[in-house]
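2 protein chains.
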Amino acid sequence: MSEVGTLKSIAVLGGAGKEGGGLALRWAHAGHKVIIGSRDAQRAQDAANEINAKIGGTNASGAANGDAAAQADIVVLAVPFSAQRATVESVADALAGKILIDVTVPLVPPKVSRVQLPDGGSAVEAIQKLLGEGVKVVSAFQNISAHHLTHLDETIDCDVLVCADDAAAADEVVALAKEIGLGAWNAGVLANSVVSEALTSVLIALNRRYKVPDSGIRITGITPQ
Amino acid sequence: MSEVGTLKSIAVLGGAGKEGGGLALRWAHAGHKVIIGSRDAQRAQDAANEINAKIGGTNASGAANGDAAAQADIVVLAVPFSAQRATVESVADALAGKILIDVTVPLVPPKVSRVQLPDGGSAVEAIQKLLGEGVKVVSAFQNISAHHLTHLDETIDCDVLVCADDAAAADEVVALAKEIGLGAWNAGVLANSVVSEALTSVLIALNRRYKVPDSGIRITGITPQ
């Protein structure tokens, strides 16, 4: 395993979308090599070109999902819930020994302000079960506004809860979150991802009720480290 | 229904325990008539006497759970998860037309830092189903430290998420929370209680990992009202 703080190559599957694109932009800006993954390699390359133009660099490249995952040290899954399982299955061979950061939020349209987790709890636990112990699945970033991520000068007033059964993998993702200006916390085992997955619907409910664009959460009672 | 902001009589079932006792103390101190409920009427009366001594008043009284619920405008359920359903069944007849505030956290010892919600989601939804539409079940207060509640001079750095299918009932509980110095938000439908019920285990995990006594959450992005 690479050490916390060293630069990594990070594949962002779904990186041509808003949330994945925002994370990819921020990591590329922080100096990481980022490989945008998409089902369509050309679409991935176009998104990478946009990121490179924004940061004035060449850290981003694009590839089909499987190739992107194969090239990277760390793989981020930022696809819609409906595509979560199929995407993971399609790249499973490239994940052995790596960290997979799952950003998926199990929203069930049209009632996206109502928590509707899949039977048995968090969606990410099913992914860990599918992949087995050879992949370190980490849950994170579900509650961060894509809009804020894509504006590099904005301070993001929302903490990231990071959950994983491998505590060292969680700590590594906490460090990756802090590198892009986010508050982040190791929030325990992967089962605890119920909170971050469900919280997105609560924040949508708060946004609607209180007529704000981006509610979030901060953890209190711990001095940021 | 009484208006938000008018003084209510509030029964706190499990009010001889720490969390319920802390809420009862704060509401009695704020001027509400509080009826401590317990399976043991004498134990309830003893707890009420302690509250009256602390506040220098007579707002608190004690009774067996059923009598306490019958006397009150609003009923609070603050019992251990293992006693939740039986307690509700024992007082169901006294709840018709009232608000029932469920504070229950579905912790499953010994792994209390692991989210282990009951099958199908939040525990409070099963209580609403049991009672039917004639009772306005509201979920709240799961994440507030009992220790802080019992120290009247302490500012509590944790917000309350209030969930209910009856939005007016949720707003009434938001007001009751604010009266005792808490930040509180109407967080949507009762199904969204998944977040507050699961969050307690996450906060326990954070307390252990970061060696702090009382982590909490604050909602960001909305100006407190």
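Going down the list, the sequences are from chains F and A.
Every letter in the first sequence is one number past the one before it in numbering that gives the first Met the number 0, and letter 125, counting from 1, is 124.
Every letter in the second sequence is one number past the one before it in numbering that gives the first Met the number 0, and letter 39, counting from 1, is 38.
Ideal placement from N, C-alpha and C gives every residue a C-beta, glycine not left out.
At a cut-off of 8 Å, the C-beta of residue 200 of chain A has a neighbouring C-beta in chain F. 8 Å or more divides the Cβ of residue 63 of chain F from the Cβ of residue 15 of chain F. In the DSSP assignment, the residues bridged to residue 185 of chain A are A:161. By the neighbour-count criterion, in which a residue is buried when 16 or more other Cβ atoms sit within 10 angstroms of its Cβ, residue 133 of chain F is exposed.
Per DSSP, residue 131 of chain A lies in no alpha helix (DSSP H) segment and is marked neither H nor E.
Interface annotation, residue 5 of chain F: not in contact with chain A, CB-CB separation never under 8 Å.
Closest option to residue 157 of chain A, judged by alpha-carbon separation, among A:191, A:39, A:174, A:141: A:141.
Residues of chain F with a Cβ closer than 7 Å to the Cβ of residue 205 of chain A are, in chain order, 184, 186, 218, 221. With contacts defined by Cβ atoms closer than 8 Å, residue 65 of chain A and residue 93 of chain A form a contacting pair. If you check each beta-carbon in the region 95–127 of chain F against every beta-carbon of chain A, the ones closer than 9 Å belong to 110, 112, 113, 114, 115, 116, 118, 119, 120, 121. Collapsing the DSSP output to three states places residue 97 of chain F in coil. Where residue 199 of chain A is concerned, the enclosing alpha helix (DSSP H) starts and stops at 192–209. Contacts with chain A at 8 Å (Cβ-Cβ) include residue 190 of chain F. For residue 35 of chain F, the pairing in a beta bridge is given by DSSP as F:11, F:61. Within the DSSP bridge table, the entry for residue 217 of chain A names F:217 as partners. Rounded to the nearest whole angstrom, the CA to CA distance from residue 205 of chain A to residue 77 of chain A is 23 Å. With a threshold of 16 other beta carbon atoms within 10 Å, residue 121 of chain F meets it and is buried.
Between residue 21 of chain A and residue 145 of chain A, the CB-CB gap stays under 8 Å. Between residue 75 of chain F and residue 119 of chain F, the C-beta gap is not smaller than 8 Å, which leaves the two residues out of contact. In the DSSP assignment, residue 76 of chain F forms a beta bridge with F:12, F:101.
Only residues of its own chain outside the window of five on either side were considered, and among them 6, 58 have a CB closer than 8 Å to the CB of residue 30 of chain A, listed in chain order. Listed as beta-bridge partners of residue 144 of chain A by DSSP are no residues whatsoever. Counting only residues of its own chain and dropping the five nearest sequence neighbours on each side, residue 168 of chain F has a CB closer than 7 Å to the CB of 98, 135, 137. Not one beta carbon of chain A lies nearer than 8 Å to the beta carbon of residue 138 of chain F. Within a 10 Å sphere around the beta-carbon of residue 178 of chain F sit 16 or more other beta-carbons, which makes this residue buried.
Beta-carbon to beta-carbon, residue 200 of chain A and residue 191 of chain F are separated by about 6 Å, close enough to satisfy the 8 Å threshold.
The C-beta distance from residue 10 of chain F to residue 70 of chain F rounds to 6 Å, short enough to meet the 8 Å contact threshold. A Cβ-Cβ separation of about 7 Å places residue 187 of chain F in contact with residue 113 of chain A under the 8 Å criterion.
Comparing C-alpha distances from residue 83 of chain A to each of A:209, A:222, A:103, A:43 shows the shortest one belongs to A:103.
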